[in-house]
Amino acid sequence: MSATELERAVTEVLIEPEALQHRVAELGEEISGDYAGRDLLLVGVLKGAVFFMADLMRHLTIPCEIDFMAISSYGDSTDSSGVVRILKDLDINIEGRHVLVVEDIIDSGLTLSYLIRNLEAREPASLEICALMTKPERREIDVPVRYVGFEIPNRFVIGYGLDFAERYRNLPYVGVLDPAQLPAGP
Ligand code: IMP
Ligand code: MG
70 MSATELERAV TEVLIEPEAL QHRVAELGEE ISGDYAGRDL LLVGVLKGAV FFMADLMRHL
130 TIPCEIDFMA ISSYGDSTDS SGVVRILKDL DINIEGRHVL VVEDIIDSGL TLSYLIRNLE
190 AREPASLEIC ALMTKPERRE IDVPVRYVGF EIPNRFVIGY GLDFAERYRN LPYVGVLDPA
250 QLPAGP
């Protein structure tokens with residue numbers, strides 16, 4: 070396969086489209102079983118989780134609603150600052166609701182740990198996390214993740230919703246970004 074203009078930044082395909090779909094279907098089945106008889110609210114973290122969440126929903130066999138939050142984490146860099154700001158809040162009141170936060174990837178854990186504390190204060194009936202990927206090596210703060218799609222090594226990845234400086238979200242697979250694209254370290 071010849072690399073398209075978009076694909077020149079990818080050094081390695083980490084998770085093929087078929088593997089993504091297979092795992093997302095498994096997660097959907099597991100979540101449907103766990104939440105049977107409860108009304109579920111999926112909270113997607115913009116923008117990276119959008120592709121994952123759309124696919125995951127199609128595999129849920131229980132009634133559910135969706136809402137979104139946008140929080141700032143990295144800017145155009147690739148390291149979490151620990152400074153988190155809500156750019157767009159939920160439309161729905163989550164008090165008494167069963168909330169499942171859907172995130173693309175957990176790196177240091179700083180972003181999600183802030184988000185969870187914020188959401189917990191709104192007194193949902195339950196609050197769990199579903200992340201497509203996690204990088205265990207990079208974790209700085211412990212976050213209780215109930216559902217994980219893939220554990221991946223400490224590489225900067227793009228595609229299937231994940232970006233580098235807002236680009237590459239439209240790659241159909243998860244790939245490793247060519248380190249030459251990254252800004253030089255501190
Ligand atoms: P954390 O606060 O360090 O856990 O960062 C989490 C956020 O950083 C994720 O929601 C992503 O938006 C972004 N992020 C972390 N690692 C990657 C990556 O490898 N590729 C793209 N975005 C990433
Ligand atoms: Mg994100």
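Just so we're on the same page, this note's numbering is the position in the sequence shown counted from 1, plus 69. For every residue, glycine included, the Cβ atom is placed at its ideal position computed from N, Cα and C. For clarity, every value in this text was computed on a predicted model and none was experimentally measured.
Can you tell me whether residue i sits near the ligand IMP, meaning its C-beta is under 8 Å from at least one heavy atom of the ligand?
i: Gly165; result: no
i: Lys204; result: yes
i: Phe219; result: no
i: Val114; result: yes
i: Thr180; result: yes
i: Val119; result: no
i: Glu235; result: no
i: Glu81; result: no
i: Arg224; result: yes
i: Leu111; result: no
i: Asp232; result: yes
i: Asp176; result: yes
i: Ile131; result: no
i: Arg77; result: no
Going by other Cβ atoms of all chains shown within 10 Å of its Cβ, with 16 needed for buried, is residue i buried or exposed?
i: Val226; result: buried
i: Ala190; result: exposed
i: Phe124; result: Per the sequence shown, residue 124 should be read as Asp rather than Phe. By the 10 Å Cβ count, Asp124 comes out buried.
i: Thr180; result: buried
i: Ala118; result: buried
i: Thr73; result: exposed
i: Arg186; result: exposed
i: Arg166; result: buried
i: Leu263; result: Look at the range of the chain in this structure, 70 to 255, and you will see that residue 263 is not part of it.
i: Pro248; result: exposed
i: Leu89; result: buried
i: Ile100; result: buried
i: Ala78; result: buried
i: Leu75; result: exposed
i: Leu156; result: exposed
Closest to residue i by C-alpha separation, out of the options, would be which residue?
i: Ser177; options: Pro193, Asp158 and Pro205; result: Pro205
i: Val93; options: Leu75, Phe121 and Arg186; result: Phe121
i: Val39; options: Asp232, Ala234, Ile175 and Pro222; result: Residue 39 is absent from the model: the chain starts at 70 and stops at 255.
i: Leu251; options: Arg166, Arg224, Leu89 and Met138; result: Arg224
i: Ile221; options: Val214, Phe233 and Arg207; result: Arg207
i: Glu235; options: Leu111, Glu99, Ser141 and Ile135; result: Ser141
i: Met126; options: Leu110, Leu115, Pro248 and Val153; result: Leu110
i: Tyr183; options: Val152, Thr203 and Ala88; result: Val152
i: Met138; options: Leu75, Val112 and Ile163; result: Val112
i: Leu115; options: Pro248, Asp232 and Leu246; result: Asp232
i: Ile163; options: Tyr216, Met202, Glu134 and Phe219; result: Glu134
Taking contact to mean 3 or more Cβ pairs, one atom from each stretch, closer than 8 Å, check whether the segment 160 to 175 and the segment 183 to 201 are in contact.
yes
I want to know whether the segment 126 to 133 touches the segment 90 to 105 - three or more CB-CB distances under 8 Å.
yes
Meets three-Cβ-pair contact criterion under 8 Å: the segment 78 to 86 and the segment 233 to 248:
With three or more CB-CB distances shorter than 8 Å, the segment 78 to 86 counts as touching the segment 233 to 248.
With a floor of 3 residues, list each beta strand (DSSP E) that falls wholly inside the segment 142 to 199, ordered by position along the chain.
Scanning the segment 142 to 199 from its first residue to its last, the whole beta strand (DSSP E) runs of 3-plus residues come out as 154 to 157 and 167 to 175.
Which residue spans inside the segment 104 to 145 form an unbroken beta strand (DSSP E) run of at least 3?
109 to 115 and 133 to 141
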